[in-house]
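These protein sequence lines are chains Y and H, in that order. In terms of our numbering, the first sequence opens at residue 1 and continues consecutively. In terms of our numbering, the second sequence opens at residue 590 and continues consecutively. Beta carbons are placed, not taken as given, at the ideal position from N, Cα and C, and that holds for glycine. Quick caveat, the model's predicted, so the values are computed rather than measured. Let me begin by presenting the structure, written as C-alpha cells, before commenting on it.
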Amino acid sequence: MVDATPHAEQGIPPAETPELELYHPRGWWTTYVFSQDAKVIAIQYSGTALAIGLVALVLSWLMRLQLGFPGTFDFITPEAYYQFMTMHGMIMVIYLLTALFLGGFGNYLIPLMVGARDMVFPYVNMLSYWIYLLAVLVLVASFFAPGGPTGAGWTLYPPQVILSGTPGGQGAGIVLMLVSLILFIIGFTMGGLNYVVTVIQGRTRGMTLMRMPLTVWGIFTATVMALLAFPALFVACVMMLFDRLLGTSFFMPALVEMGELMSYGGGSPILFQHLFWFFGHPEVYIVALPAFGIVSDLISTHARKNIFGYRMMVWAIVIIGALSFVVWAHHMYVSGMHPWFGFFFATTTLIIAIPTAIKVYNWVLTLWRGDIHLTLPMLFALAFIVTFVNGGLTGLFLGNVVVDVPLSDTMFVVAHFHMVMGVAPVLVVFGAIYHWYPKITGRMLNEAMGQFHFWVTFVGAYAIFFPMHYVGLVGVPRRYPELGDVAFATDSVHSLNAFITIAALTVGFAQMVFLFNLVWSLRNGREAGGNPWRATSLEWQTPTTPPPHGNWGAERPVVYRWAYDYSVPGAPEDFIAQNDPGSRHRGAV
Amino acid sequence: MSVILVFLVVVIGFSFWWLSHQRLMSKPWLETGAALPATDVPEMPAAKVALGIFLAVVGSLFALFASAYFMRMEYADWQAPPLPPVLWFNTVVLVLASIALSCAVRAAREDRMDLTRLGLAAAGLSSVVFLIGQLAAWRALSAAGHFIDVNAANGFFYLITGMHGLHILGGLIALARVSALAWRETYSSARVRLGIDLCAMYWHFLLFVWLCLFILLAGWAGDLVAICRQFLA
Chain Y
1 MVDATPHAEQ
11 GIPPAETPEL
21 ELYHPRGWWT
31 TYVFSQDAKV
41 IAIQYSGTAL
51 AIGLVALVLS
61 WLMRLQLGFP
71 GTFDFITPEA
81 YYQFMTMHGM
91 IMVIYLLTAL
101 FLGGFGNYLI
111 PLMVGARDMV
121 FPYVNMLSYW
131 IYLLAVLVLV
141 ASFFAPGGPT
151 GAGWTLYPPQ
161 VILSGTPGGQ
171 GAGIVLMLVS
181 LILFIIGFTM
191 GGLNYVVTVI
201 QGRTRGMTLM
211 RMPLTVWGIF
221 TATVMALLAF
231 PALFVACVMM
241 LFDRLLGTSF
251 FMPALVEMGE
261 LMSYGGGSPI
271 LFQHLFWFFG
281 HPEVYIVALP
291 AFGIVSDLIS
301 THARKNIFGY
311 RMMVWAIVII
321 GALSFVVWAH
331 HMYVSGMHPW
341 FGFFFATTTL
351 IIAIPTAIKV
361 YNWVLTLWRG
371 DIHLTLPMLF
381 ALAFIVTFVN
391 GGLTGLFLGN
401 VVVDVPLSDT
411 MFVVAHFHMV
421 MGVAPVLVVF
431 GAIYHWYPKI
441 TGRMLNEAMG
451 QFHFWVTFVG
461 AYAIFFPMHY
471 VGLVGVPRRY
481 PELGDVAFAT
491 DSVHSLNAFI
501 TIAALTVGFA
511 QMVFLFNLVW
521 SLRNGREAGG
531 NPWRATSLEW
541 QTPTTPPPHG
551 NWGAERPVVY
561 RWAYDYSVPG
571 APEDFIAQND
581 PGSRHRGAV
Chain H
590 MSVILVFLVV
600 VIGFSFWWLS
610 HQRLMSKPWL
620 ETGAALPATD
630 VPEMPAAKVA
640 LGIFLAVVGS
650 LFALFASAYF
660 MRMEYADWQA
670 PPLPPVLWFN
680 TVVLVLASIA
690 LSCAVRAARE
700 DRMDLTRLGL
710 AAAGLSSVVF
720 LIGQLAAWRA
730 LSAAGHFIDV
740 NAANGFFYLI
750 TGMHGLHILG
760 GLIALARVSA
770 LAWRETYSSA
780 RVRLGIDLCA
790 MYWHFLLFVW
800 LCLFILLAGW
810 AGDLVAICRQ
820 FLA
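Structure (C-alpha cells):
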C-alpha cells in the first residue's frame, strides 16, 4: 500500500507504523465464506448471532405461553420449560449479545472508525468466527441430543446441574453446553486480541486515543474486560466437565440421589458460584459498555451536537470497567456469605452507580438544546436511556443486601435484569443497525416498518416488564413453570401473567417485521449515499459505500479533529468530518 | 479469590499506567486541527503487543485456578498428594528451555544462525522432555493410588499441570514454525528475530507460571500465606 509521503511537506508526520500487508482474496470462497476481511466477518458474526437469537426468542414465547396459560400446552412439560429457560438465557447473554456487540459491531466499526484497513491479524480474526460458529452448532446440537439440552438454569449451578433429576444432567446436554462455552471462549479470545491490538496499534495518523469515537472506547474497554473475565467461566466449565466426565469432585459435595449415595464428595458448590459470577458480573458491562459507547454516538449525531463531557465519558467507561470486577458477589447475597462481605459488595455495587450516572447525565445534557432529529436510531437511543435508568433504579433495590434477600429469586429480579441488560442493550443494537445499515449495504432501512418496529418494541417491552416487577413484589418466584393454586398469588397476578404473554408475542411479531425489513431493504431500500446522517466519524468518509476491501483506497485518512464537531459556529455545514483539514472556525471572524 | 484479585490489581494498574501516558487529560474539542498530534501508536510490533495481552489472559486463567485451589484448601478434609520427585527434574529442564531460548534471542540478534538453531533445538527438546516428565509424574501418582477422582487436591493436581502442559504444547507448535523458518533462511531476518523473541517471551512467562504452580502444588504457598497472616496479626 502507498504511504502518503507528500503530506510531510504540509507538516503532517509520517505514519508511525508500517502499513498492514493486506490479504487479497482470490476466489468466491475466500471473499465471502472464508474471508479475512473484518467487514465480512462482522456480517457473518451478526448473521449467526441473530439466527441463534431468533431461537432464543422463540424459546421465550414458549415459556411465556406456559406461564400465561398454564396447563394449556401439553408439550411444555416442566422439564421442557427448564430447558427453554436455560437455553434462552445462555443464548441471549453470550451467543447473541456478546457476539453481536464485540464480534459484529467490533469487527465492522473498529477498523473503519480508527482509520485502519483491517484488523491487525485477519487470519486469526477469521478463525475466531469459525470457532464461534462451531460453538453455536455444538449448542444447537444439544437440542437434538438424547435427553435434550441442559435445563439447569443459565447459571448452571452445581450440584443440580449434573444430577439425573435435571434435564440433560446425566445426558449429553450439559456436556455439549460446557464444550460449546469453552469453544466460544477460545474463539472470543482470538477475536478479542484483534480488537484490542487494532485499537492500540492500527490507528491512523492523528487518531489519538482521545479522538476516538466513544463507540470504539466502549468496545475496546469491554473487550479488555472480556479477555480477563471469560477465563473465569472457562475455569468453571473445565472443572465442571471434569466433575461430569471424570468423576472429580471440584463442585460436587457428597450427596444422596434417589436413595443412593453418589460417588462424589467434598466439592464446593459455592466455589462454582464465585467463579461463575466473577465472569458473570463483568459480563453485564461487557454487554453494556459497547451499548454506552454506541448510544453516545447516536445521540450526538442525531442531536447535531457534540457529546457533553467527552473526557468524563471516556473516564467513566474505564472506571466502570475496572469497578465491575469487584462487585461479583452481589449475585450471591443468599449464599450464606459473611455479612461483612455483603456490606463490602453492596458498597462497591452502589459506587458503580456514580460513573454510570455521569454517563446518563451527559447523554441528557447532550440532548439539551440540541437539534434533535427523531430518526429511528435516535428513537432507539432515547428509549435506551429511559429503559436503562429504569433498570438501574431497580438495581439500587437489589444491590442492597436487606432488600435483595426477600426479593431474591422472584420475578422482580427477572424484570430488573431484562430491563437493564436485555431490553436496554437490544434497543441499542436496533438503533445501531438502523444507523449503520446504510453504510453496510448502501441503502436505508424502510422507515414505516422501522417506526412500527420501534413503537411496538418499546411500548411492548414496558408492557412485558413493568407488570413483572409487581408480580415479583407479590412474591411469585422465578424458574417455576407453574404457579399452581397458592394463597399469595392474587387474581391480578394470574391475569397479568396472561397479559404479559400476549405482550411478549406481540413484541416478538414486531421482530419478524424487523428481520423482513433487513432483507427487503437490501434491494428496495432508498439509496443512502456515503454519509446519509451527515456524521463526522471516519466510517462515513470512505471513498465508496459499502466500503471496499481495504476500506480507504490508495491512502488512509489523516485525522485532524475529534469525532464530535457538530454545529460548530461559523462552519459552512453543521458537521466537520474528522479527516477535514479545514480550520474549525472557517468563516468565523 | 484473593489471587485473581491481586493479579487483576497488577493488570489494571499497568493498564492505568499506560492510559496515563495517552494524554487522557487532553481536550480534543479545543484541538483545532492545524497542529496534528502524533498518534502515540507504540513502536513495538503488533504481534508483541498481542502476545503481551494474551499472556495477561493466560495469567488470569492460572490465577483463577490458583484462587480456586486456595478456596478449596481451606476445607478441613484437604489432603494434597505427595509431590513426585520427578517434578524437580522437570523444573530444571524447563529452566534450561528458557535459557536456551534466551541464547537463541541473542544469537539471532548477532546474526549467528548456527547458534540460533542450536538454541531453538535445545529449547524444543527440553520442552518435550518437560512434557514427558510431567506425564511421568502423573504415572507415578496414579501408580501410588492417587487417581484424579480420589479427592479434590488430586483433581487440582492433574487439572492444573495438564492445563500448563497444554500451553507448553501450544507453544511448541509456534516454536516448530519459527524453527522451520530459521532453518530455511540463511541469515537472521526480522521475521525470524521477532518469532524467536515471541517464543522466548512465552516460555519465560510459562516458566514463571510453572514456578508459581510448583510452589502452590508443593503446599509451600499455604505455609507462606499462614506466615503472612501471622505476621499481619
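Segment limits, alpha helix (DSSP H) that includes residue i
i	result
D243(Y)	L214 to L245
I186(Y)	G173 to Q201
V287(Y)	P269 to H302
Q451(Y)	E447 to V474
A739(H)	The question names Ala, but residue 739(H) in the sequence shown is Val. Unbroken run through V739(H): none, as it is neither H nor E.
K359(Y)	P339 to L367
V681(H)	V675 to R698
S60(Y)	A38 to G68
G811(H)	W809 to L821
G115(Y)	Note, G115(Y): premise wrong, no alpha helix (DSSP H); not H, not E.
Q723(H)	M702 to A732
S609(H)	S591 to S609
I385(Y)	L376 to G399
P122(Y)	P122 to F144
L156(Y)	Element bounds for L156(Y): n/a, residue is neither H nor E.
M313(Y)	Y310 to L323
Beta-carbon contacts of residue i that lie in its chain and below 6 Å, excluding the five residues immediately before and after
i	result
H88(Y)	A56, L59 and S60
Y82(Y)	G151 and P167
A807(H)	L672
L67(Y)	N497
N531(Y)	W540
Reduced DSSP category for residue i - H, G, I as helix; E, B as strand; rest coil
i	result
E79(Y)	helix
F575(Y)	strand
Y776(H)	coil
T410(Y)	strand
Y664(H)	coil
Y747(H)	helix
P634(H)	coil
P532(Y)	coil
Y480(Y)	coil
Y564(Y)	coil
T628(H)	coil
F654(H)	helix
M332(Y)	coil
V559(Y)	coil
V486(Y)	coil
H672(Y)	Residue 672(Y) lies beyond the residue range present for chain Y, which begins at 1 and ends at 589; the question has no answer from this structure.
W552(Y)	coil
Residues that DSSP places opposite residue i in a beta bridge
i	result
V256(Y)	L261(Y)
E527(Y)	R443(Y)
Integer-rounded CB distance, given that residue j should sit under 8 Å from residue i
i	j	result
F267(Y)	F250(Y)	The identity of residue 267(Y) in the sequence shown is Gly, whereas the question assumes Phe. G267(Y) to F250(Y), Cβ: 5 Å. Contact.
G293(Y)	G218(Y)	2 Å
T366(Y)	A303(Y)	6 Å
P425(Y)	A528(Y)	Contact doesn't hold; Cβ gap of about 25 Å is too wide.
T680(H)	W799(H)	7 Å
V493(Y)	V474(Y)	6 Å
N579(Y)	P557(Y)	4 Å
L445(Y)	N517(Y)	5 Å
F454(Y)	L376(Y)	6 Å
A696(H)	G713(H)	Contact flag wrong, Cβ pair sits at about 15 Å.
Neighbourhood of residue i by C-beta distance below 7 Å, restricted to the same chain and skipping five residues each side
i	result
L427(Y)	F380, A383, F384 and T387
L619(H)	none
I500(Y)	R64, G68, I464, P467 and M468
V429(Y)	L100
I186(Y)	I131
T348(Y)	L323, V326 and V327
A636(H)	L783 and L787
Own chain residues within Cβ distance below 8 Å of residue i, not counting five before or after
i	result
F452(Y)	A510 and V513
D371(Y)	A303, R304, K305, S567 and D574
M660(H)	M590
heavy atom of the ligand NAD below 7 Å from residue i C-beta
i	result
A222(Y)	As far as ligands go, the structure on display features none, and thus does not contain the ligand NAD.
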